[in-house]
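Protein chains in written order, with the working numbering: chain E, 1 to 527; chain C, 1001 to 1527.
Structure, rendered in structure tokens:
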């Protein structure tokens, strides 16, 4: 049975949406927060009304079978899932829509489409699940070259499984659930579960240095990449399958985070794990976010490597239904395929107790804070398409900072974002924080903000808040992104973060691999 | 008190050498192995007789105070510590000696020397401890540009310590012992202890992706690098101090393994740890190397992360005094500053027991196999200068391979190397193996070979064996180096291992950062 097609506006497939109960909960929260009775709501334009210009190029006969000019396909590939993308969809602004969408069946098709694009002077956008929240797939509307979206959905197979080294050769276009379903009969799992899991792909995770399931140690997809195959306009690159090497700069690391500007990841050997048999879970309450952060620091420096150790500030805990707003919360878990992690959990609880962390009573089970948080986490992406039409501005941004600067950093970013909300919208909003990943030398905080905007000014208001928040991040020493990637929306701050000479080196590497500058222009660097 | 100066030939400082007892043990072993009474020995040429050509350039007045044309200094900087280097020294072949040696006091001096070298059309060799065993500091004799060695010995300070995030800003030229001595008052340690620890530097470790203390998890220096400052001919590069980031390809990773061709690492923020308070040690005996490898695989895939879990084949155990040659040995240890690793060790011993691993009786203390192995390991570098004059060819090489291919790989490499010894020298030698580092998806085996050569043919014989071994490594799917680096001696096989288009990208990056190609030419790529 074929599932319904993806929505061209919003998250997931046609027919999927927030439940009435979820929507009512969110709206009640916003009514309280903004002290309003109801929201001025504008309708979402129909797909039939999307102003798509006629395609400016025609595929060669040999590629005609895999190229589509279908209205729904073009609209679907016009955007990722950022706040800005959603507003543009609501404004019926489809200037970023590709002229055509190509669906390669294999690497040869990928190379053929690249050749065609090169000959036609077109731009080429490698498109995985299209879940970018940073403008990663929204090619600059000002460019006048035709655009082909290269959707890798047919490169969706696990090609080879090595049970001894626990690795698999996997095509780049496979979505999360299909990937795990193919590994399951082997008792293996990649265990990479970003929030976008259902609608993002292996190649996309690698290209964006995606952050996943593990809150510590294996925070990004990076360390799970054993080798890569990358199609570039200059030819194929294949790195050697190795558990480790010291032979020059690691070639995989040039493509990890390359966001589609150097090549298209067609295949990767990925390091896998056995499916966990043992788990230990706890939810801890702390007096406040600072105390939770101190407990988290102790834990992160103890060498215990929990699979989960996320902390939520009291308001964030309340908004997600994980707490009542009076305490900060830590969701803590160890998992293993090899041993019961009792000694690990025992010591972790001691680390937390040193900073006042006390276990919640009903820590495990469907009704627990941890389970409530996980459910809210998975359902969150469905909210945006319902809130934007109501002029609610809600977005997230994430970063990382060393422990010595964390407290001042958190205060500065929260203050700047809150002030920007008041300045841009004329009323108070809300800024909350959790920590999603953690290292011995510092946390990766994740901020969420909520503001009530005004139709007609939404983009400008959002941009003013985003700018103030990003300015504060960079000024206070953080990174513009820990795992959402750079895309186009983070470019100005990435330009300030990354060393100018590194940009020059990257530009030179790109000129070698992509001489016509066809690949995803506008992201990371200007060729 | 100033220590004696470094030897220009051999390991360590003047006055340091193998003890008579160590030498007698080694020679007795070789007499038995090669069935000879004694060894034809040639004398080591005196420093005064080293044929150094007159320097081809003169420093500008502003740099005169930090530049030396001293005979000992030039001879010391002519070579690393590879087998080939040692033979060349014995042959009194100093064609690779630099014209001058510069000792910058700070980053400004580094930049000034680069400017001078650029203007003078000279080559510049960043020199740390000079412990390369792969020709990393031996600039191609055929080149006709003058050569300046840039010795970073004065950049030897820990500049800043952050006890909260547990990190320090450290200059690139600091040697291992001086680095740890400066960290010790803070209760912190880098815990990076390569065999060359005493005579290698932080910048050298980073430039070569050095492998250190930890047999699992933190196998290379890579993950301890928080940020870098790199002086390039095009200017300074400074990356941001962050615990993690997903903002584009990681800039640090371009310089990790760059072997001095892109810039000079002047400073790094390094991730540190508290000094361990708890330890658990064991030595396990296995029926043979295969059984030990199966035990090691089980351990490596259990998620226990031992600090040490090295396996030695029976002959290697015997040669290093760690065993009697009847069993393969595993040296196993857990360490922690936070908790007693009893549960970890208990489970590790179970993993080993599943493959017949039984604990040695006297596992701990000065007389144990582990202690004997550690002592032999630290003293090994002193042997070469005593064996080469006796025409003994002994060298090591290391690699990595996934578990599924390990058994066939080990057999193929051992067979090819043994055959090459017979072909090149006309008599049998010995090839042994240990595993020094391990990953869930595969081990990093480390081979040692011993052959009896002939004066006048030593280099050709060594090269024939090295070539056969390296051909076998690459043909069987390994990497040409896991942690010794590429240098000039591994170049032909690195060229086969690394994707050609990655070489092109690296070449383009180098042309941007080092437009005149002054930095360490001949290593990794040809500009």
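For glycine and all other residues, C-beta sits at the position ideal for the given N, C-alpha and C.
- Note down the Cα distance separating residue 127 of chain E from residue 1503 of chain C, rounded to an integer number of angstroms. Position 127 of the first chain holds residue 127 of chain E. Position 503 of the second chain holds residue 1503 of chain C. Straight-line Cα distance between these residues: approximately 27 Å.
- Message: What ranges does the beta strand (DSSP E) occupy inside the stretch 133 to 220 of chain E, keeping only unbroken runs of at least 3 residues that lie completely in it?
- Response: Those beta strand (DSSP E) runs which fall completely within the stretch 133 to 220 of chain E and span 3+ residues are 147 to 151, 158 to 162, 167 to 171.
- Query: Hey, which unbroken runs of the alpha helix (DSSP H) at 4 residues or more fall wholly within the stretch 1401 to 1456 of chain C?
  - Reply: 1403 to 1425
- Query: If you draw a straight line from the alpha carbon of residue 349 of chain E to that of residue 440 of chain E, how long is it in whole angstroms?
  - Reply: Taking the first chain and counting its residues from 1, the one referred to as residue 349 of chain E is at position 349. Taking the first chain and counting its residues from 1, the one referred to as residue 440 of chain E is at position 440. Going from the Cα of residue 349 of chain E to the Cα of residue 440 of chain E covers about 17 Å.
- Query: Are residue 231 of chain E and residue 151 of chain E close, meaning C-beta to C-beta below 9 Å?
  - Reply: Locating residue 231 of chain E in the first chain gives position 231, where the first residue counts as 1. Locating residue 151 of chain E in the first chain gives position 151, where the first residue counts as 1. No, the pair does not count as a contact, with Cβ atoms beyond the cut-off.
- Along chain C, in chain order, which residues have C-beta atoms closer than 7 Å to that of residue 482 of chain E? Working through the first chain from its first residue, we reach residue 482 of chain E at position 482. Within chain C, the residues near residue 482 of chain E are 1244, 1245, 1246.
- Item | Simplified DSSP assignment, three categories, for residue 79 of chain E | By one-based count along the first chain, residue 79 of chain E stands at place 79. Reduced to three states, the DSSP call for residue 79 of chain E is coil.
- residue 1363 of chain C in three-state terms, based on DSSP: On the second chain, residue 1363 of chain C is found 363 positions in, with the first residue counted as 1. With a pLDDT of 46 at residue 1363 of chain C, under the threshold of 50, the modelled position of that residue is not reliable, and the figure given next carries that caveat. Coil, per DSSP.
- Using a beta-carbon distance below 9 Å, is residue 1527 of chain C in contact with chain E? Sequence index remark: in the second chain, residue 1527 of chain C carries index 527 (1-based). Taking Cβ atoms only, chain E never reaches closer than 9 Å to residue 1527 of chain C, which makes this a no.
- Message: To the nearest angstrom, how far is the alpha carbon of residue 1432 of chain C from that of residue 1316 of chain C?
- Response: Reading the second chain from its first residue, position 432 is the one you call residue 1432 of chain C. Reading the second chain from its first residue, position 316 is the one you call residue 1316 of chain C. Residue 1432 of chain C and residue 1316 of chain C: Cα-Cα distance of roughly 5 Å.
- Nearest to residue 322 of chain E by alpha carbon, out of E/488, E/333, E/36, E/285? The count along the first chain starts at 1 and reaches residue 322 of chain E at position 322. If we check each option's Cα against that of residue 322 of chain E, E/285 comes out closest.
- Message: Residues of chain C with CB closer than 9 Å to the CB of residue 537 of chain E, please, in chain order.
- Response: Outside the displayed range of chain E (1 to 527) lies residue 537 of chain E, so it cannot be described from this structure.
- Task: Name the residue from E/519, E/496, E/521 whose alpha carbon lies nearest to the alpha carbon of residue 1237 of chain C.
- Result: Locating residue 1237 of chain C in the second chain gives position 237, counting from the first residue. Taking only the C-alpha atoms, the option nearest residue 1237 of chain C is E/496.
- Helix, strand or coil for residue 1011 of chain C per DSSP? Stepping through the second chain from its first residue, residue 1011 of chain C is reached at position 11. Three-state DSSP puts residue 1011 of chain C in coil, outside helix and strand.
- Message: For a cutoff of 9 Å on Cβ pairs, would you count residue 1195 of chain C as touching chain E?
- Response: Residue 1195 of chain C sits at position 195 when you count from the first residue of the second chain. Residue 1195 of chain C does not count as touching chain E.
- Please list the segments of the alpha helix (DSSP H) lying wholly inside the stretch 1305 to 1389 of chain C, counting only runs of 4 or more residues, in order along the chain. Counting whole runs of 4 or more residues, the stretch 1305 to 1389 of chain C contains the alpha helix (DSSP H) stretches 1314 to 1319, 1342 to 1353, 1369 to 1379, 1384 to 1387.
- Message: Closer than 8 Å to a non-hydrogen atom of the ligand MG - does that hold for the CB of residue 384 of chain E?
- Response: Within the structure as shown, the ligand MG is missing, as the structure has no ligands at all.
- Is it a yes or a no for the stretch 1085 to 1096 of chain C touching the stretch 1043 to 1054 of chain C, going by three-plus beta-carbon pairs under 8 Å? With a cut-off of 8 Å, the stretch 1043 to 1054 of chain C and the stretch 1085 to 1096 of chain C count as touching, because enough Cβ pairs lie within range.
- Task: Measure the alpha-carbon distance for residue 460 of chain E versus residue 454 of chain E and round it to whole angstroms.
- Result: Taking the first chain and counting its residues from 1, the one referred to as residue 460 of chain E is at position 460. Taking the first chain and counting its residues from 1, the one referred to as residue 454 of chain E is at position 454. Going by the C-alpha atoms only, they are around 10 Å apart.
- Message: I'd like to know whether the C-beta of residue 266 of chain E is nearer than 9 Å to at least one C-beta of chain C.
- Response: Within the first chain, residue 266 of chain E is the residue found at index 266, counting from 1. No, because no Cβ of chain C sits closer than 9 Å to the Cβ of residue 266 of chain E.
- Message: In this structure, how does DSSP classify residue 1512 of chain C when only helix, strand and coil are distinguished?
- Response: Taking the first residue of the second chain as position 1, residue 1512 of chain C is located at position 512. In the structure shown, residue 1512 of chain C sits in a helix (DSSP, three-state: H, G or I).
- Quick one: any contact between the stretch 1208 to 1220 of chain C and the stretch 1233 to 1249 of chain C, if contact means 3 or more CB pairs under 8 Å? no
- Item | Option nearest residue 1166 of chain C by Cα separation, candidates C/1187, C/1172, C/1146 | Taking the first residue of the second chain as position 1, residue 1166 of chain C is located at position 166. Among C/1187, C/1172, C/1146, the Cα nearest to that of residue 1166 of chain C is on C/1187.
- Query: In whole angstroms, what separates the C-alpha of residue 391 of chain E from that of residue 138 of chain E?
  - Reply: Along the first chain, one-based indexing puts residue 391 of chain E at 391. Along the first chain, one-based indexing puts residue 138 of chain E at 138. Each residue's alpha carbon lies about 22 Å from the other.
- Task: Using DSSP bridges, identify the partner residues of residue 87 of chain E.
- Result: As a position in the first chain, residue 87 of chain E is number 87, starting the count at 1. Partner(s): none; residue 87 of chain E has no beta bridge.
- Item | Unbroken stretches of the alpha helix (DSSP H), 4 residues or longer, contained in the stretch 474 to 500 of chain E | 491 to 497
- Query: From the DSSP output, which residues share a beta bridge with residue 1279 of chain C?
  - Reply: As a working mapping, residue 1279 of chain C is identified with position 279 in the second chain. DSSP, once it has assigned bridges, lists C/1335 as partnering residue 1279 of chain C.
- Query: Going by alpha carbons, who is nearest to residue 1241 of chain C out of E/475, E/507, E/515?
  - Reply: As a first step, residue 1241 of chain C is located in the second chain; it is residue number 241 there, counting from the start. Answer by Cα proximity: E/475.
- What's the call for residue 1525 of chain C, buried or exposed, on a 16-neighbour Cβ count within 10 Å? As a position in the second chain, residue 1525 of chain C is number 525, starting the count at 1. Residue 1525 of chain C is buried by the Cβ-count criterion.
- Does the distance from the C-beta atom of residue 227 of chain E to that of residue 269 of chain E stay below 9 Å? The residue labelled residue 227 of chain E in the question sits at position 227 within the first chain. The residue labelled residue 269 of chain E in the question sits at position 269 within the first chain. For residue 227 of chain E and residue 269 of chain E, yes; Cβs fall inside 9 Å.
- Positions along the stretch 455 to 489 of chain E whose CB lies within less than 8 Å of some CB in chain C: 477, 478, 479, 480, 481, 482, 483, 484, 485, 486
- Give the single residue among E/520, E/506, E/402 whose Cα lies nearest to the Cα of residue 1168 of chain C. Taking the first residue of the second chain as position 1, residue 1168 of chain C is located at position 168. The shortest C-alpha separation from residue 1168 of chain C is found at E/402.
- Under a Cβ-count criterion, where at least 16 other Cβ atoms within 10 Å of its own Cβ denotes burial, should residue 1028 of chain C be classed as buried or exposed? Counting from 1 along the second chain, the entry for residue 1028 of chain C is found at position 28. Burial call: exposed.
- Item | Chain-order list of residues whose beta-carbon lies under 7 Å from that of residue 1529 of chain C (same chain, five-residue window excluded) | It is not possible to answer for residue 1529 of chain C, since the shown part of chain C is limited to 1001 through 1527.
- Message: Which residue wins for smallest C-alpha separation from residue 1149 of chain C, given the options C/1116, C/1164, C/1062, C/1157?
- Response: Counting from one through the second chain, the residue named residue 1149 of chain C turns up at place 149. The candidate whose alpha carbon is nearest that of residue 1149 of chain C is C/1116.
- If you compare alpha carbons, which of C/1358, C/1253, C/1274, C/1499 is closest to residue 1291 of chain C? Translated into positions along the second chain, residue 1291 of chain C becomes position 291. Considering only alpha carbons, the answer is C/1358.
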